[in-house]
Each structure stands twice: as C-alpha cells, then as structure tokens.
Amino acid sequence: MLQEAVDDFLASLAGGEVERSGGSLNTMMAYRNDLGQLCTYILSQGIHDWWQVTHEQLATYMDKMRRGQGYRPATMARKLATMKAFFRYLWHKGAVSVDPTTDVILPPIERDQPQILSSEQIHTLFNCVDRDTPLGLRDLAMLHLLYATGIRTSELISLDVTHFQAQETLVHCVNVRGHVKRNRVLPLTAVAADALERYLTNGRPLLQPAVGQQAIFLNHRGERLTRQGFWLVIKGHAQRAEIEELSPHMLRHSFAMLMLDSGMDLSSVQELLGHAHISTTQLYCHITPGLNK
Numbered sequence: 001m002l003q004e005a006v007d008d009f010l011a012s013l014a015g016g017e018v019e020r021s022g023g024s025l026n027t028m029m030a031y032r033n034d035l036g037q038l039c040t041y042i043l044s045q046g047i048h049d050w051w052q053v054t055h056e057q058l059a060t061y062m063d064k065m066r067r068g069q070g071y072r073p074a075t076m077a078r079k080l081a082t083m084k085a086f087f088r089y090l091w092h093k094g095a096v097s098v099d100p101t102t103d104v105i106l107p108p109i110e111r112d113q114p115q116i117l118s119s120e121q122i123h124t125l126f127n128c129v130d131r132d133t134p135l136g137l138r139d140l141a142m143l144h145l146l147y148a149t150g151i152r153t154s155e156l157i158s159l160d161v162t163h164f165q166a167q168e169t170l171v172h173c174v175n176v177r178g179h180v181k182r183n184r185v186l187p188l189t190a191v192a193a194d195a196l197e198r199y200l201t202n203g204r205p206l207l208q209p210a211v212g213q214q215a216i217f218l219n220h221r222g223e224r225l226t227r228q229g230f231w232l233v234i235k236g237h238a239q240r241a242e243i244e245e246l247s248p249h250m251l252r253h254s255f256a257m258l259m260l261d262s263g264m265d266l267s268s269v270q271e272l273l274g275h276a277h278i279s280t281t282q283l284y285c286h287i288t289p290g291l292n293k
C-alpha cells in the first residue's frame with residue numbers, strides 16, 4: 001500500500017514537474033531512495049497506510065536521520081523537500097486529509113569548526129615542493145595563491161593568464177554559482193605574486209600550452225588543470241609534508257584566520273572569500289584561539 005503510492009507519485013513526475021525543471025535520472029533516483037527510506041521507517045512504526053502518518057512521526061524521523069546517520073545539511077534539505085512534495089501529491093489526490101509535513105523543519109545541525117593549518121605545517125608544506133621543475137613551480141604558485149587569497153579550488157583552476165595583473169599584484173576572480181556571477185579582485189602578497197610570476201615565466205612555457213590555451217595552471221599535457229588533477233597535487237604534497245587529511249579548503253580556512261588574526265574586519269574577510277552571507281564568515285570567530293599559531 002505504501003509503495004504503490006510512491007510508485008504512482010514517481011510516475012506522475014515523469015513528464016511533469018521534474019522534466020519541466022530539467023530533472024534527470026539522478027533526480028528520480030534520489031526521490032525513489034528518499035521515499036524508500038521513509039517507507040521503511042513508517043513500516044517499522046507499524047503503519048501501513050499514509051493517512052495514518054502523523055506530524056510527530058515525521059519530525060522524529062528527520063531527527064533520527066540527523067543523529068543516527070549523520071547526513072549533511074544539503075542531503076537533509078533534499079529529503080525534507082522530497083517528503084513535502086510527496087505528501088502534497090497525496091493531499092491533492094485525496095489520499096490524506098491532512099498534510100503531516102506542515103511545519104516539519106530541519107532539526108538544528110551543529111557545524112564543525114573549520115580545520116586550519118598551523119604556521120609550522122604551512123612552512124613544511126611549501127618547503128616540500130620542488131622548485132626546479134615546471135610542475136613544482138606551478139604547484140608552489142597554486143599553494144601560495146590559495147593561502148594568500150582564500151580563493152576556491154574551482155576559481156583557481158578557472159584563472160586565465162589575463163586575470164593576473166603583475167604590476168598591481170592582483171588577480172581577477174570570477175565565480176559563478178547558480179545563475180549569479182560574482183567577480184572579486186584579490187590582492188596578492190609579494191611572495192605569492194613572485195611565485196606566480198616565476199611559474200608564468202619559467203614553468204608554464206615548458207608545459208607547452210596548446211595554441212590559444214589561456215589557462216594559467218596547466219597539467220603535464222599543456223591543458224587546463226582539472227579539479228581532480230588539482231586534488232591529486234594537493235594530496236601528494238600533503239603526504240610528503242606528513243599532513244593528514246589536507247584539503248584545499250583548509251588553506252582557505254587558514255587564510256581567513258590569518259586575516260582575522262591580523263586585525264582585518266569580518267566584512268572585509270567576507271568580501272575576499274566571496275561569502276554571500278556574513279553568517280558563513282562568522283564561523284571563523286568561533287575557532288579555538290591558538291589553533292593556527
């Protein structure tokens with residue numbers, strides 16, 4: 001009885017709401033998995049029809065997923081949206097007289113403190129890079145850019161040679177999220193600007209970029225470095241520096257803390273990081289003092 005209603009709902013989406021919104025097979029699979037989990041839970045409560053489901057049971061279900069299974073906020077939000085869409089469908093079909101998802105909200109989720117690197121770890125990481133090879137010059141320039149600007153990985157690998165202004169020691173960063181384009185001008189430290197200039201002068205030409213290739217950071221084939229390629233670079237240097245679980249975002253976090261420790265106000269750090277909301281930047285205010293010393 002429960003699964004039949006789910007199957008009918010999914011069938012109604014084919015050619016309907018999901019298709020009109022550019023939905024994909026992955027979207028349908030997510031809906032099916034989310035509602036399959038919900039069915040399993042409802043059956044475990046001794047319920048065999050959707051009209052018997054209560055608001056309290058769904059609220060408890062959401063809390064169990066957070067506490068027991070540790071889903072990320074984005075996954076929790078998707079599962080709640082799926083559940084609400086499903087019960088709206090049942091209500092319109094007359095299968096339920098009351099929508100039990102009304103006022104069901106996401107349970108509060110405690111955010112972990114951003115992980116940052118100590119100054120000693122930063123020093124070790126930079127020193128483990130081979131400065132005598134084109135790829136080493138590239139890697140050093142990327143690491144310096146990450147630490148000196150807080151630039152995102154996607155933004156870093158999207159940089160073109162025209163985005164670097166050597167005389168002004170600036171990089172122009174273009175970040176597209178959804179349909180919104182946010183351009184930022186990021187000042188470079190003298191060390192980062194020097195590392196980038198040395199790579200562009202002595203490293204990039206030896207990687208033999210293809211005609212018309214504008215990417216600053218190239219792979220060994222002379223093509224734009226991919227996100228996956230960049231991750232392998234970071235992972236390799238982390239192993240040599242004996243830093244466990246290093247991620248590019250840790251350098252971004254470390255930059256934010258460095259700026260705040262130097263006296264920069266929160267709104268300026270927000271602008272440099274490209275955060276849409278100040279509440280995101282405020283997370284750095286709660287990092288335990290001394291972690292990055």
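Numbering (the UniProt record's numbering), first residue to last: 1 to 293. The beta-carbon is built from N, C-alpha and C at its ideal position, and this holds for glycine as well.
Beta-carbon separation (whole angstroms), residue i vs residue j, contact threshold 8 Å
i, j, result
"D106", "A85", "Just to set this straight, residue 106 is Leu in the shown sequence, not Asp. Their Cβ separation, rounded to whole angstroms, is 15 Å, which puts L106 and A85 out of contact at 8 Å."
"L43", "V6", "Actually they are not in contact, since the Cβ atoms of L43 and V6 sit about 12 Å apart, beyond 8 Å."
"T153", "P248", "5 Å"
"S262", "I278", "Going by Cβ atoms, the distance from S262 to I278 rounds to 19 Å, so no, they are not a contact pair."
"L13", "R32", "About 10 Å; that fails the 8 Å criterion."
Which listed residue (the options) has its alpha carbon closest to that of residue i
i, options, result
"residue 302", "T189, Y71, N33 and V98", "Limits of the chain in this structure are 1 at one end and 293 at the other, which puts residue 302 out of reach."
"residue 294", "Q37, L137, L80 and V185", "Residue 294 lies beyond the residue range present for the chain, which begins at 1 and ends at 293; the question has no answer from this structure."
"L145", "V161, V171 and D130", "V171"
"W231", "I157, V98, F126 and M65", "I157"
"S254", "E120, T102 and S12", "E120"
"W50", "L159, F87 and F217", "F87"
"P100", "L80, I116, L117 and Q115", "L80"
"L196", "T226, H163 and E56", "H163"
"G222", "P205, I234 and V233", "P205"
"A141", "V191, H92, C173 and P248", "V191"
"D8", "Q37, Q214 and A95", "A95"
"G203", "M83, V211, F217 and R66", "F217"
"T27", "K64, Q270, P209 and T75", "T75"
"M65", "Y89, Q45, W91 and Q37", "Q37"
"E168", "P187, D160 and Y41", "P187"
"E56", "E244, A215, T102 and T201", "T102"
"A166", "T201, V174, N183 and D63", "T201"
Own chain, CB closer than 6 Å to residue i, minus 5 neighbours either side, in chain order
i, result
"T124", "A241"
"V104", "L58 and A59"
"residue 296", "With the chain running from 1 to 293 in the structure shown, residue 296 is simply not present."
"Y199", "L137, R138 and A141"
"Y251", "Looking at the sequence itself, residue 251 is Leu, so the reference to Tyr does not match. Result list for L251: L146 and Y147, in chain order."
Own chain partners of residue i with C-beta closer than 8 Å, once the 5 adjacent residues on each side are dropped
i, result
"H220", "L135 and L207"
"C39", "L2, Q3 and V6"
"G22", "Only weak support exists for where G22 lies, its pLDDT of 40 falling under 50; the value from the coordinates is given anyway. No residues qualify anywhere along the chain."
"D194", "none"
Span of the alpha helix (DSSP H) around residue i
i, result
"A81", "P73 to K93"
"A238", "R227 to R240"
"V269", "L266 to L273"
"P248", "P248 to D261"
"G136", "P134 to T149"
"T153", "T153 to I157"
"A59", "H55 to K64"
"T189", "Where T189 is concerned, there is no enclosing alpha helix (DSSP H), given that its DSSP letter is neither H nor E."
"H48", "No alpha helix (DSSP H) contains H48, which DSSP labels as neither H nor E."
"S12", "L2 to L13"
Counterpart residues of residue i in DSSP-defined beta bridges
i, result
"C173", "R184"
"A215", "D160"
"R224", "L218"
"Q165", "L170"
7 Å CB neighbourhood of residue i in its chain, flanking five on each side removed
i, result
"H237", "L125, C128, V129 and D139"
"I47", "V53"
"R131", "L137 and L140"
"M275", "Residue identity check: residue 275 is His in the sequence provided, not Met. Within the same chain, H275 has close Cβ partners T281."
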